[in-house]
Amino acid sequence: MRFYLDNDVPVACRAVLINAGHKAWTTSEVGRSDATDEDQALYADLMDAILVTHDRGFFRRQRNHTVCSIVLLRCDKFDAKDVLAKHLNEIVANLQGQKHRLVRVRYDDIQSYAASW
394 MRFYLDNDVP VACRAVLINA GHKAWTTSEV GRSDATDEDQ ALYADLMDAI
444 LVTHDRGFFR RQRNHTVCSI VLLRCDKFDA KDVLAKHLNE IVANLQGQKH
494 RLVRVRYDDI QSYAASW
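When you read off a place in the sequence shown, starting at 1, and then add 393, the result is the number in our numbering.
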């Protein structure tokens, strides 16, 4: 799977994804740190990637009209890599073969649902 990490996601999360055999890159690696949230989502879709973010507001705004699948990390940034590692298999299972899927990841569980149009 391909994951595109928003600029608010700790870089350590990239290593978790790569070590699990996924392709992952950050906004800063591709010079998009200053892009708007909507442009980040369009870029993720263009690259056939899942956008990973900590931005709850962005997640809420995209909920009804997202152009890509989004993983929202609902935890402290300090804990993000551990929470991602803990739930990664379940996240991948929920995203496999899906388009426009929203996944909210918390310390103890995940919630996954299709975006409503």
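Think of the CB as a built atom: it goes at the ideal place given N, C-alpha and C, for glycine as much as any other residue.
Predicted, not measured: the structure shown is a model, and the values here were computed from it.
Excluding the five sequence neighbours on either side, which residues of its own chain have a C-beta within less than 6 Å of the C-beta of residue i, listed in chain order?
i: TRP510; result: Residue placement at TRP510 cannot be trusted, given a pLDDT of 49 that sits under 50; what the coordinates show is reported in the next sentence. Here the set comprises nothing.
i: ILE411; result: ALA417
i: ALA437; result: TYR397, LEU444 and CYS461
Name the residue from the options whose alpha carbon lies nearest to the alpha carbon of residue i.
i: VAL402; options: LEU488, ASP469 and VAL460; result: ASP469
i: ASP502; options: LEU398, HIS480, GLY490 and LEU488; result: HIS480
So, under 8 Å CB-CB, residue i and residue j are touching, yes? Tell me the CB distance rounded to an integer number of Å.
i: ASP448; j: ASP430; result: 7 Å
i: THR446; j: HIS493; result: 15 Å between Cβ atoms; not a contact.
i: VAL496; j: VAL464; result: 5 Å
Is residue i buried or exposed, if buried means 16 or more other CB atoms sit within 10 Å of its CB?
i: ASN487; result: buried
i: ARG407; result: buried
Give the secondary structure of residue i by DSSP, where H, G and I count as helix, E and B as strand, and everything else as coil.
i: ARG494; result: strand
i: SER505; result: strand
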